[in-house]
Structure formats: C-alpha cells, structure tokens
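Remarks on the structure that follows.
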Amino acid sequence: MREELFGEFPTGGVAVVLHVEGQAFTLFRHFNTHKEGIVLKGGEFTALWRDQPYHTDRTFMQQLADTMIAKVAPAAIPETSQAIEWRHLLAWISRDQGSRFKSFFSWREGEGTGLQRSRQDPPIIMRAVLGLLDQAESKLMCSLAELEIELELAKKKTAELLREPVLIRRRIESDLRAWRNLPDSLPLRVEDLFADSVVKQVRNAAEEAASALGDWNDRQDEAELRLAELRTEVTQIQTQLDRASLEYEFAEAARVGDEAAYKAIGEKLLRLTQLAGDCKEGNIPFAQCQHIQAEIGRLQVINLRDERDKKSLSRAMKESALRVGTAFQRKQQLEVKFQDLKATDAELVGKRNKIREVRDKTSHEARRGEELLTEMDRWEKSAGSSVSQTAIDLSCAKSEGIGRDINSGRTQLAIVQKELSNREKRIARIMDRFTRELLSNDAFGSFDPRDENRPFRISMRGGEAYRVLEVLLGDIVCLMEGAGEDNAFPGLVIHDCPREADMSAGLYEGFLLLTDHLQKAFEDGMSVPFQYIVTTTTPPPADLIDTEQVCLVLDPSFDDGLLFKRRFSETI
11 MREELFGEFP
21 TGGVAVVLHV
31 EGQAFTLFRH
41 FNTHKEGIVL
51 KGGEFTALWR
61 DQPYHTDRTF
71 MQQLADTMIA
81 KVAPAAIPET
91 SQAIEWRHLL
101 AWISRDQGSR
111 FKSFFSWREG
121 EGTGLQRSRQ
131 DPPIIMRAVL
141 GLLDQAESKL
151 MCSLAELEIE
161 LELAKKKTAE
171 LLREPVLIRR
181 RIESDLRAWR
191 NLPDSLPLRV
201 EDLFADSVVK
211 QVRNAAEEAA
221 SALGDWNDRQ
231 DEAELRLAEL
241 RTEVTQIQTQ
251 LDRASLEYEF
261 AEAARVGDEA
271 AYKAIGEKLL
281 RLTQLAGDCK
291 EGNIPFAQCQ
301 HIQAEIGRLQ
311 VINLRDERDK
321 KSLSRAMKES
331 ALRVGTAFQR
341 KQQLEVKFQD
351 LKATDAELVG
361 KRNKIREVRD
371 KTSHEARRGE
381 ELLTEMDRWE
391 KSAGSSVSQT
401 AIDLSCAKSE
411 GIGRDINSGR
421 TQLAIVQKEL
431 SNREKRIARI
441 MDRFTRELLS
451 NDAFGSFDPR
461 DENRPFRISM
471 RGGEAYRVLE
481 VLLGDIVCLM
491 EGAGEDNAFP
501 GLVIHDCPRE
511 ADMSAGLYEG
521 FLLLTDHLQK
531 AFEDGMSVPF
541 QYIVTTTTPP
551 PADLIDTEQV
561 CLVLDPSFDD
571 GLLFKRRFSE
581 TI
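In the working numbering, the protein residues as written are 11 to 582.
As structure tokens, this is what we get:
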C-alpha cells in the first residue's frame with residue numbers, strides 16, 4: 011500500500027506522537043521508501059514544519075527498540091543463546107488477522123519472528139518479558155542445554171567405539187577377499203587344518219609371492235651385472251674409437267698436406283697416447299708397447315720448431331699419409347663394433363626393465379599379503395583387548411554420568427518452576443478476576459507460564475469462541491501487569507480485527523466493555539499507563555459508540571468515510 015500512497019502523495023507521509031518513558035516524540039515517516047524519516051522531541055505536529063535539529067527515524071527506531079527491551083531478563087534465550095529482540099516482542103503485542111487468534115503463541119508472522127524454535131521460544135520470551143524467568147531457573151535451563159549437547163556427543167563417541175572394531179574387521183576381510191578375488195561363501199578362518207579359508211589362501215599366496223620375489227631378485231641382479239659389464243666394454247670401445255678417429259684425421263691431414271691440422275691433431279694424439287692404461291691390440295701396458303712408443307716418438311717430431319727439423323716433419327707426414335687406408339679401416343671396424351654394443355645395451359636395458367617391473371609387482375603382492383595378514387592379527391589382538399574395552403567402559407560411564415546430571419538438573423528445575431512467584435500468583439488472580447467478571451462466578455481463569463500452548467485458560471468449554479477469548483484476555487492481563495514495575499512489557503497491545511464471528515456477540519461486546527472499564531479504573535487525570543488499540547468491522551457496544559474511545563470510523567460506501575477522503579484506485 012505504501013507504493014500506492016507514494017504515487018498519490020509524493021511528498022506525503024504519516025506523522026505520529028509517541029510517548030516513551032515519559033518523553034514525547036514526534037515521528038514523521040515518508041511514503042517514499044528512499045527518504046529517511048524525521049524524529050523531533052515534543053508532541054507538537056507543527057514542529058515538523060519548523061527548521062530545528064532532528065534525528066533520523068532509523069536512529070530513533072533503534073533507540074526505541076533498545077529501550078523497549080532494556081528490562082528484559084535474561085537478554086537471551088537460555089537454551090539457544092539467541093538474543094531477545096524488539097521484533098520478537100512486537101510480533102506478540104501487535105496481533106494481526108493472519109494468525110486468527112487461534113492460540114496465545116500464534117504471534118504475528120509479518121517478515122517472520124526469526125526465532126530458532128517456533129514452539130519453545132515464545133513461552134520463554136513471554137516469561138522473560140513479564141519478569142517470570144528468574145536467574146536460578148535461567149542458569150538451570152542453560153546448564154541442561156549444555157548437558158544435553160554433551161550427552162549427545164558422548165553417546166556418539168560410545169557408538170563409534172562399539173562400531174569401530176566391526177567396521178575395521180569388515181574392511182580388512184573385504185580387502186583380503188578382494189586381493190585374491192575370493193567368494194563371500196569362503197569362511198575367513200577354519201579350525202580344520204585341511205579345510206580351505208580366506209586366511210589360508212592369502213597366506214599361501216603371500217608365501218608364493220615371497221618365493222617368486224627371491225627368484226626375480228636374482229634375475230634382476232644378473233641383468234644389472236651383465237649391463238654393467240657391457241657398459242664397461244662400451245666405454246673402452248668408445249675410447250678406442252675416439253683415438254682411431256683422430257688417427258684417421260691425422261693421416262688424412264698428412265695426405266692433403268695440411269700442416270696446421272696435422273700439428274693440432276698430433277698434439278691431441280700425443281696427449282691421448284700418453285694416458286695410462288693397456289694397449290688393447292697387444293693387451294699390455296702402454297709403456298711396454300713398442301707400437302705406442304714409436305707413435306709417441308713420431309708425434310714428438312711434429313712439435314720440433316727448428317728450421318733444420320722441417321725435413322723430419324716432412325718425412326713424418328709422408329709416413330703418416332701412407333697409413334690413411336689402414337686408419338680408415340680400423341675406424342670403420344670400431345664404429346661397427348660400437349653400434350653393435352649400443353644395440354646390445356638397449357636390448358639389455360629393455361630386458362632389465364621388464365624384469366624390474368615384474369619384480370616390483372611381485373614385491374608389492376608379497377608385501378600386500380603380509381600387510382593384510384598382519385593387520386588382521388593386530389585387529390584380533392586389540393578388538394577384544396582390555397585397552398579397547400576400557401575405552402568403551404569409560405565412554406559409557408561418561409554418558410551415564412551426564413544422564414544423571416541431566417535428571418538431577420531437571421528435578422531441580424521442576425522444583426524451581428513449581429514454586430510460584432508472587433508475580434505469577436498475581437497474574438493468575440488477574441486472569442481469574444477478568445474471567446469471572448466477563449463470564450460468571452461459575453467460571454474461573456488460570457495462568458501457567460510454562461504451558462507451551464495455552465498459558466492463559468478459561469474453565470468454560472465453548473469451543474473456538476473461548477479459545478479466542480483466552481488469547482484476548484491473556485494479552486489484556488499482560489497489559490495490566492505491564493502497568494506496574496519490574497517487568498518489560500510495553501504499555502501497548504494492538505488487536506487487528508478480532509471479529510465477532512470468532513466469538514458470540516455477547517462475549518465480543520463484553521470484552522470491549524471490560525477494556526473500557528479497565529481504562530477508566532486506571533485513569534489518573536488525563537494519563538492512562540497503557541494503551542489498547544483494536545480494529546473491528548463490527549460496531550462496538552452502544553455504550554462506546556459515541557465516546558472518545560472510538561477514535562476513527564471508516565465507511566467505504568462514500569468518499570468522506572474513507573481514510574484519505576478519496577479513492578486512489580480499484581486495488582485499494
């Protein structure tokens with residue numbers, strides 16, 4: 011509706027005077043939802059048109075909410091620790107048609123009360139607001155809530171301890187069967203030495219795998235040894251091939267007359283032939299090989315720099331040139347041998363890798379079988395062990411202890427709750443008096459603040475009519491109690507259209523006359539310590555029609571009878 015009003019009155023809004031803790035405030039809220047409202051101290055509407063300091067309605071509403079619940083004790087619901095807020099209380103004191111007044115704790119829905127427990131929390135809030143939830147009871151309720159959580163955790167722990175051995179055994183048995191692909195029909199263990207079982211099959215398989223592992227270890231060692239010997243030979247042939255290649259290049263340089271290349275290669279060959287080791291051609295040390303020593307002598311001639319030795323260099327080059335064919339042939343032979351050895355190396359590596367793969371798989375199989383059998387033995391030793399049973403016994407004892415504490419706490423709570431406080435007795439007397447005055451002395455009213463459905467009761471049985479009357483009278487009783495001190499009930503109750511159809515005409519009129527009588531009884535000059543607002547589609551009793559209690563009469567049959575004296579659209 012606010013959007014339609016904004017369309018009709020773009021700069022309009024609603025102004026109201028509020029009295030909070032003896033202080034008057036003027037509040038103006040715009041129909042435009044994007045504009046903040048204005049709050050001024052004092053009760054004059056004309057102040058809204060004067061230029062003076064003001065607060066925003068948002069700040070004021072928060073301060074109002076804080077003020078309205080400042081006296082609520084405890085400030086939070088004991089079992090859940092959820093803070094009691096003004097919106098919770100507002101949902102109670104402003105009942106709308108949606109709940110149909112069907113029960114005392116069917117509070118206004120609106121945007122939702124936001125309570126975590128829709129059934130248990132409203133009675134606790136009612137008692138906290140009315141000052142009926144004392145500190146001892148609140149502590150007991152908090153303690154019981156904590157104990158119930160501890161008990162639930164302790165029971166879960168006990169269940170886990172009891173279930174854990176079964177789950178572990180089931181998992182081990184499943185692994186054993188899966189490892190050898192054994193059927194579920196085969197028993198895990200048997201006493202008969204000749205009968206088959208899962209454990210026997212697994213143990214036999216593990217032993218076979220261990221035996222096979224030894225064979226594959228020997229094969230792998232043999233393959234590694236052959237490969238090492240071959241690679242030693244490859245290294246030697248590689249050295250000979252490098253020397254043969256240099257000798258060929260040396261002879262070729264002599265043949266073409268490239269003196270610079272001849273000298274450079276000669277230096278390399280000299281360093282190579284002076285290395286320690288054996289001559290493969292004669293299978294004797296280099297120092298005893300005449301061929302090598304002659305080669306060294308010839309190469310040393312190359313390094314002579316004297317002019318008179320040029321003839322010796324020339325002769326050496328001619329001699330080297332004569333060996334081109336022989337050097338080339340030796341180089342080719344070594345290359346062929348080297349390639350053959352490399353091919354053999356690749357073949358041995360492939361065989362070695364296959365052996366290693368099978369060996370690793372066999373090792374895994376042997377190790378897996380032993381691990382499963384060891385795990386089974388360990389489980390059988392620990393499942394029924396004193397350590398395992400002690401853990402279960404301690405967990406059970408803890409649960410039993412917490413259970414005893416809960417029973418003791420509930421007993422203490424019942425004792426505390428049974429002792430009616432003076433305030434509870436007073437509220438019960440008020441309910442009883444209102445019931446007798448409205449109905450008859452044959453009827454009586456009662457109050458049980460711990461009843462989660464009907465805290466206020468009427469002894470008369472009349473179906474839905476008396477249930478609705480219980481709700482209405484209960485709110486009025488709380489309103490009267492709120493006129494006193496030591497409670498947080500605000501001096502305001504709003505009933506939106508409790509229709510005559512929900513009760514009989516006599517009950518409906520009698521209830522409205524009762525509220526008028528209460529206002530007159532509490533009236534102190536021009537001040538009344540509470541305010542009851544009720545909307546109704548049924549005309550009030552004749553005694554109230556022409557009184558100041560009827561603040562506004564609306565009639566949709568003509569424009570002047572409308573709230574804004576004119577029609578906006580068909581939707582309103």
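Yeah, the Cβ is synthetic: ideal placement off N, Cα and C, and Gly gets one too. These figures come from a predicted structure and were not determined experimentally.
Distance between beta carbons of residue j and residue i, contact taken as under 8 angstroms
i: residue 459; j: residue 142; result: 5 angstroms
i: residue 219; j: residue 337; result: Wrong, their Cβ atoms sit about 57 angstroms apart, outside the cutoff.
i: residue 416; j: residue 161; result: 6 angstroms
i: residue 85; j: residue 93; result: 6 angstroms
i: residue 437; j: residue 491; result: 6 angstroms
i: residue 540; j: residue 493; result: 5 angstroms
i: residue 105; j: residue 505; result: 5 angstroms
i: residue 103; j: residue 502; result: 6 angstroms
Extent of the continuous beta strand (DSSP E) run through residue i
i: residue 37; result: 33 to 40
i: residue 455; result: 455 to 457
i: residue 467; result: 466 to 468
Residue i - DSSP class collapsed to helix/strand/coil
i: residue 504; result: strand
i: residue 48; result: strand
i: residue 412; result: helix
i: residue 86; result: strand
i: residue 365; result: helix
i: residue 66; result: strand
i: residue 270; result: helix
i: residue 247; result: helix
i: residue 241; result: helix
i: residue 23; result: strand
i: residue 286; result: Confidence at residue 286 is low in this model, with a pLDDT of 44, below 50, so the placement of that residue is unreliable and no value is reported for it.
i: residue 195; result: coil
i: residue 359; result: helix
i: residue 207; result: coil
i: residue 538; result: coil
Segment limits, alpha helix (DSSP H) that includes residue i
i: residue 541; result: Residue 541 -> not in any alpha helix (DSSP H); beta strand (DSSP E) instead, spanning 541 to 545.
i: residue 332; result: Unbroken run through residue 332: none, as it is neither H nor E.
i: residue 563; result: It is not in any alpha helix (DSSP H) - residue 563 carries neither H nor E in the DSSP assignment.
i: residue 516; result: 515 to 532
i: residue 554; result: 552 to 555
i: residue 444; result: 432 to 448
i: residue 481; result: 474 to 492
i: residue 53; result: First-last for residue 53: undefined, no H or E at that position.
i: residue 571; result: Taken as a continuous stretch (DSSP letters only), residue 571 belongs to no alpha helix (DSSP H), as it is neither H nor E.
i: residue 15; result: 12 to 18
Rounded C-alpha distance that separates residue i from residue j
i: residue 343; j: residue 333; result: 16 angstroms
i: residue 353; j: residue 260; result: 29 angstroms
i: residue 108; j: residue 568; result: 28 angstroms
i: residue 575; j: residue 564; result: 10 angstroms
i: residue 216; j: residue 232; result: 24 angstroms
i: residue 208; j: residue 187; result: 7 angstroms
i: residue 165; j: residue 181; result: 24 angstroms
i: residue 525; j: residue 420; result: 40 angstroms
i: residue 369; j: residue 381; result: 18 angstroms
i: residue 262; j: residue 249; result: 20 angstroms
i: residue 373; j: residue 214; result: 15 angstroms
i: residue 545; j: residue 422; result: 45 angstroms
i: residue 461; j: residue 133; result: 7 angstroms
i: residue 285; j: residue 253; result: For residue 285, the predicted structure reports a pLDDT of 49, less than 50, and the residue's modelled location is therefore unreliable. A value from the coordinates is still provided. Distance between the alpha carbons of residue 285 and residue 253 is about 12 angstroms.
i: residue 433; j: residue 418; result: 27 angstroms
i: residue 450; j: residue 485; result: 20 angstroms
i: residue 144; j: residue 411; result: 27 angstroms
i: residue 406; j: residue 154; result: 19 angstroms
i: residue 522; j: residue 479; result: 11 angstroms
i: residue 34; j: residue 571; result: 30 angstroms
i: residue 549; j: residue 573; result: 17 angstroms
i: residue 518; j: residue 46; result: 40 angstroms
Tell me the start and end of each unbroken alpha helix (DSSP H) in the stretch 92 to 150 that is at least 4 residues and wholly inside, in chain order. Within the stretch 92 to 150, the runs of alpha helix (DSSP H) at least 4 residues long that lie entirely inside it are, in chain order, 96 to 103, 131 to 139.
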